[in-house]
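These notes concern the structure reproduced below.
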Amino acid sequence: ASCPVKILLANPDAAGVQRSMYEIMGLNEREIEIISTATKKRHYYYTSSLGRRLFSLGLGPVAMSFVGATGKEDITHAKALIQQYGDTWPEQWLKAKGLEDWADYWRSVS
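Residues in the sequence shown are numbered consecutively from 47, following the numbering used here.
Structure follows, in structure tokens:
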């Protein structure tokens, strides 16, 4: 493969319809199984010449409220908050995600 380091996301379809893509990348059956049973937005699979390993970033609810927001609805909501609140939009985002204490903390340090 042309990319010496890969970080692959959890994918329940890895062992099914997308298996051939993972085989082309050089993954074996066990690695494909690991990716297909890993937890989305929590587990990642690292491969390089140095080795291969499943890892977790261990992100808490605040970080996940931002980096885990990848759907169209979340992106539209974030853009609307940025438009309305400018630099203070993260406070509103945290409130909308039910993280009131963290929103208060963000306001106190910004």
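We put the beta carbon where it would ideally sit given N, CA and C, even for glycine.
In this text the structure is predicted, and so the values were computed from the model without any measurement.
The region 82-96 makes contact with the region 54-74, as at least three CB pairs between them are under 8 Å. Cβ atoms of TRP135 and LEU127 come within 8 Å of each other, at about 4 Å. With a minimum length of 4 residues, the unbroken runs of alpha helix (DSSP H) contained wholly in the region 69-143 fall at 75-83, 107-113, 118-131 and 135-142.
Counting of Cβ neighbours within 10 angstroms places GLU75 among the exposed residues, the total staying below 16. Scanning GLY106, ASP150 and TYR68 for the CA closest to the CA of THR93 turns up TYR68. The straight-line gap separating the alpha-carbon atoms of LEU103 and ALA115 is approximately 16 Å. In terms of CA proximity to VAL63, ILE78 leads the group ILE53, TYR90, ILE78 and CYS49. The C-beta distance from LYS87 to SER111 rounds to 11 Å, too long to meet the 8 Å contact threshold.
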